[in-house]
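One structure is given here, and the rest of the page talks about it.
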Amino acid sequence: MMNTSTRFNVKRTSFEMVSSATFDAEVQQRMALFEWINSAVPDFYLSVKASDEELRASLLDGEIFSQILQILKYSSDDEGYHSSLSTGSARGKAQRFIAAMSEMGLPRFEMTDLEK
């Protein structure tokens with residue numbers, strides 16, 4: 002029997018009623034993301050209980066994105082791309098990561114998601 006109870010989930014600035022199954026799925030996705038990043042990037046650790054703000058703060062400098070792209074051995078047609086992964090502005094690193102996600106056909110986020 003499926004649980005159809007409702008919980009309130011705060012997203013951005015509005016309240017949305019979300020079914021328990023959807024809420025649980027979001028929690029599981031978030032935990033999987035944190036565990037994957039923690040295992041993929043050796044010098045990084047973020048508790049699966051971390052808030053959105055803690056996650057944003059950890060990602061804002063772009064270093065995690067650069068390390069993930071290096072781990073994936075992602076290549077781009079841009080000359081000097083690999084050498085630029087570890088250099089440049091935080092915004093530039095995040096933008097390169099977002100562009101790579103798009104090129105690989107993966108779900109992506111926007112820079113504004115980090116800057117909230």
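Everything in the sequence shown is counted per our numbering, starting at 2 for the first residue and increasing by one.
We treat Cβ as the ideally placed atom computed from N, Cα and C, and that holds for glycine.
8 angstroms Cβ cutoff met for residue i and residue j
| i | j | result |
| --- | --- | --- |
| S67 | K94 | yes |
| E41 | G63 | Glu is not the amino acid found at residue 41; the sequence shown has Ala there. For A41 and G63, no; Cβs fall outside 8 angstroms. |
| K117 | R31 | no |
| L73 | L115 | no |
beta-carbon residue i near the ligand GTP non-hydrogen atom, thresh 7 angstroms
| i | result |
| --- | --- |
| L61 | Because no ligand of any kind appears in the structure shown, any question about the ligand GTP cannot be addressed here. |
Residues near residue i by beta carbon distance below 6 angstroms, same chain, minus five either side
| i | result |
| --- | --- |
| F35 | L47, V49 |
| E80 | Per-residue confidence for E80 stands at a pLDDT of 43, beneath the threshold of 50, marking its modelled position as unreliable; no derived number is given. |
Close Cβ partners of residue i (< 8 angstroms) along its chain, the five nearest in sequence each way excluded
| i | result |
| --- | --- |
| I69 | I38, A41, V42, F98 |
| P108 | M102 |
| E111 | I99 |
Contacts around residue i, its chain only, beta-carbon distance under 7 angstroms, and the 5 residues preceding and following it disregarded
| i | result |
| --- | --- |
| I65 | I38, V42, F45, S59 |
Would you call the region 96-108 and the region 31-49 touching, i.e. three or more CB-CB distances under 8 angstroms? no
What ranges does the alpha helix (DSSP H) occupy inside the region 89-116, keeping only unbroken runs of at least 4 residues that lie completely in it? 91-104, 112-116
For the region 24-85, which segments carrying the beta strand (DSSP E) assignment without a break, of at least 3 residues, lie completely within its bounds, in sequence order? none
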